[in-house]
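Each residue of the sequence shown is one higher than the one before, starting from 735 at the first, in my numbering. Think of the CB as a built atom: it goes at the ideal place given N, C-alpha and C, for glycine as much as any other residue.
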Amino acid sequence: MSKKMTKKEEALPKEPEKEEKKEEVKPQKVEKAKPEKKKKEEKGVHALYKIEGEKITRLRPTCERCGPGYFMANHQDRYTCGHCGFTRYKQVEK
């Protein structure tokens, strides 16, 4: 029993037989709850000065390159200017 094909059917490409593919099942990742980060308290201008009676003293040095008005950041072993990058190391006391 052969079937005669029409011209339209001959022009259409034949579909390849579909093979069943086994899909790999991946285990779902369980997301762990991340601990919330603590926000740093913003230090205001009051953290840069100390008021004693009627005297005002600066707690941090000013930058030697930039001049007055640019305070240096206080790190563990050094002072650093955030404006120009100048670094001055603290003297180690023995």
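Practice item. Within the same chain, show all residues whose beta-carbon is closer than 6 Å to that of Arg822, passing over the 5 residues directly before and after it, in chain order. Key: Tyr813
Check your understanding: In three-state DSSP terms, what is Ala832?
Key -> Nothing in the structure corresponds to residue 832, since the chain is present only between 735 and 828.
**Study point:** Per-residue burial, Cys797 [other beta carbons within 10 Å of its own, 16 or more giving buried]
**Key:** buried
Review point. Hey, how far is the Cα of Phe786 from the Cα of Arg792?
Key: In the sequence as presented, Phe is not what sits at residue 786; that position holds Glu. About 11 Å.
Exercise for review: Count the other CB atoms, across all protein chains shown, that sit within 10 Å of the CB of Cys691; report buried if there are 16 or more and exposed otherwise.
Suggested key: In this structure the chain extends from 735 to 828, so residue 691 is not present and cannot be described.
**Study point:** Alpha-carbon to alpha-carbon, Lys773 and Arg794
**Key:** 24 Å
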